[in-house]
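The letter at position 18 of the sequence shown is residue 18 when you use the UniProt record's numbering, and the numbering goes up by one with no holes. In what follows, a single structure is set out as C-alpha cells and then discussed.
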Amino acid sequence: MIARNIRRTETLVPLLAIVVVVLIFAVTAAATGRTVTIFDGYNMLQGLAQLGLLALALGITMIAGEFDVSVVGVSALGGMVAVQLGQQDPLFGVAAGVLAGLVVGLVQGTVIAKFRLSSMPVTIASYIALLGLTSVLSGGLSVTYTNVEASMWVDQTILGVLSPRSIIVLLIFVIVAVVLASTRLGPELRALGDDRRAARVSGVPVDRRLIGVFAVSGMLAALSGALLNFSYSSANPNPGMQPLVLAAVAALIGGVSLSGGRGSGTGLLFGALAVAVLSQTVVFAALPGFVTQLIFATFLALVVLADAPGLRDRIGGIRTRLRSRQQDGVTEIAVLPDRNTES
C-alpha cells in the first residue's frame, strides 16, 4: 500500500502540475490576446534546457535524502572553466568543466558519507567556496565566450522547437529515468532516503551510493553551466540563488519528497517542464520581476506544504475516520434487516 501511494504521488503530482500550468498558459495567452506560435514551444524547451540539469542534479540527491545546495556554485564553476578553456575547442572546455564538477561532487560525497555529516551545511560551505573560486578564476568579472560558432550551434532550431542544447538535456533525462526505473540503483537511492540505517542493514552500499550520487550531481550541474554559458556567450561568476529556487520548485513539483525516499527521472522531467511553461507564461503576461519571484515562491510554499509530514498525517487521519464511519454505517444497515426479521 505504501509503495503504491509513493508511485501514485511520483506520477500524479507531476502530471497534474503539467496540466495546471498548461491551462494557466492558455488562459494567459487568451487574456492577453497573444497568438501562440511554434517559437513559444521552442522557448519553453529552451527554458527546460536551462533549468533541467540543475533540477536533475538537485533531485537525485533529494531522492537519497540529501539536499545539494552547491549545485548553483558547481554550475558557475563548471561554466567558467568551460568558457575559459573552451575558446578554441568547445568539447575540451565542456569536458574540463564536467571534470571540475565531478571532483567537487566526489569530495563532497566523501566528506558527507565518511564523516556522517548532514549535506546541508557541507554543501552551503561548498557553495560559498565555489563562488569565491569562480570569482578568483574570472577576476570577479564576467568572461566573454568568443567562439561564435559554438554559441550559435547550441541554440540553433531543430524541427522548429528543439535545439542541440534541449536535445542533450532530454537525452540525459531519459538515461537517468531508465537507470532509476530499471536498475537496482533506483530502489537503493530511495532506500537511502527512506531509512538509511535499514538500507545499510539490508546490504545497500550506503557510502558508495552517497559518493556516487554527489559525483553525478556535480557533473550534471557543471554541464548545465557549460551549456548555459555557451548559449549566453559569457560566464557569470555569481548567478545568484534564483536558479537553486527554481530547481527546488521543479524537483518538488516532479514528485520528489523533501524527506527523501521518493522520486523518479520522469517526474523530475515533468517538474522542470512545468516550471519552464510557467516561466513562458510570465513572459506572456509581461509581469515585473518581483511578481515573478512571488509566483515561484508561492508555488514552492504550496508544494512544501503539501509534502509536509504533519499535513499528510492529518489528511490520513481524516481518511481513516471517514472510512471507519462508512464501515459503521454499513454495519448498521446490514444488522437492521436481521432485527426486523426476528421481530
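Note that beta-carbon positions come from the ideal geometry of N, C-alpha and C, so glycine has one too. It should be emphasised that the depicted structure is a prediction, and the values quoted were computed from it without experimental measurement.
Asked	Found
Roughly how many whole angstroms lie between the Cα atoms of Leu302 and Thr61?	21 Å
Under a three-way DSSP split, which group does Ala286 fall into?	coil
What does the Cβ neighbour count give for Ile175, buried or exposed, with the cut at 16 atoms within 10 Å?	exposed
Any contact of the segment 261-272 with the segment 185-200, i.e. 3+ C-beta pairs under 8 Å?	yes
Counting along the chain, where does the alpha helix (DSSP H) carrying Arg196 start and finish?	196-201
Of all the options Val111, Ile168, Phe296, which has the alpha carbon lying nearest to the alpha carbon of Leu48?	Ile168
Which same chain residues end up closer than 6 Å to Gly93 when comparing Cβ atoms and leaving out the 5 residues on each side of it in sequence?	Ala82, Leu85, Gly86
What span of residues does the alpha helix (DSSP H) with Met241 cover, start to end?	Looking at the DSSP string, Met241 is not in any alpha helix (DSSP H), and its letter there is neither H nor E.
Thinking just about the alpha-carbon of each residue, which of Thr35, Ala55, Ser118 is nearest to the one in Val275?	Ala55
Which one of Val216, Gly218, Leu192 has the shortest CA to CA distance from Val206?	Leu192
Look at the Cβ atom of Leu210, then the Cβ atom of Ala64, and state whether they are nearer than 9 Å.	yes
Near Ile24, which residues of its chain fall below 6 Å by C-beta distance, leaving aside the five closest residues on each side in sequence?	Thr281
In or out: Thr123 buried (at least 16 other Cβ within 10 Å) or exposed?	buried
Would you tell me roughly how many angstroms separate the C-alpha atoms of Arg196 and Gly212, rounded to the nearest one?	15 Å
Confirm, please, whether the CB-CB distance from Ala57 to Ser259 is below 9 Å.	no
Between Leu12 and Met241, what straight-line distance do the alpha-carbon atoms span, to the nearest angstrom?	29 Å
If you check the beta carbons only, do Val98 and Leu223 fall under 9 Å apart?	yes
Using the C-alpha atoms, what's the distance from Thr144 back to Gln156?	20 Å
Would Gly140 pass as a contact of Pro14 if the rule is Cβ separation under 9 Å?	no
What residue range does the alpha helix (DSSP H) around Thr110 cover?	90-114
Identify the residues that DSSP records as bridge partners of residue 358: which are they?	Outside the displayed range of the chain (1 to 343) lies residue 358, so it cannot be described from this structure.
Under a three-way DSSP split, which group does Leu117 fall into?	coil
Quick check: what's the CA-CA separation for Leu227 versus Ala272?	17 Å
List the whole-angstrom C-beta distance separating Gln46 from Ser166, where the pair is believed to meet the contact cut-off of C-beta under 8 Å.	6 Å
To the nearest angstrom, how far is the alpha carbon of Ser118 from that of Gly101?	20 Å
So, at 7 Å on beta carbons, what are the nonlocal neighbours of Gln108 in its own chain, with the 5 sequence-adjacent residues on each side left out?	Ser70, Val122, Thr123, Ser126, Phe214
Going by the DSSP bridge assignment, what does Ile158 pair with across the sheet?	Leu162
What number of angstroms, rounded off, separates the C-alpha of Leu305 from the C-alpha of Pro243?	21 Å
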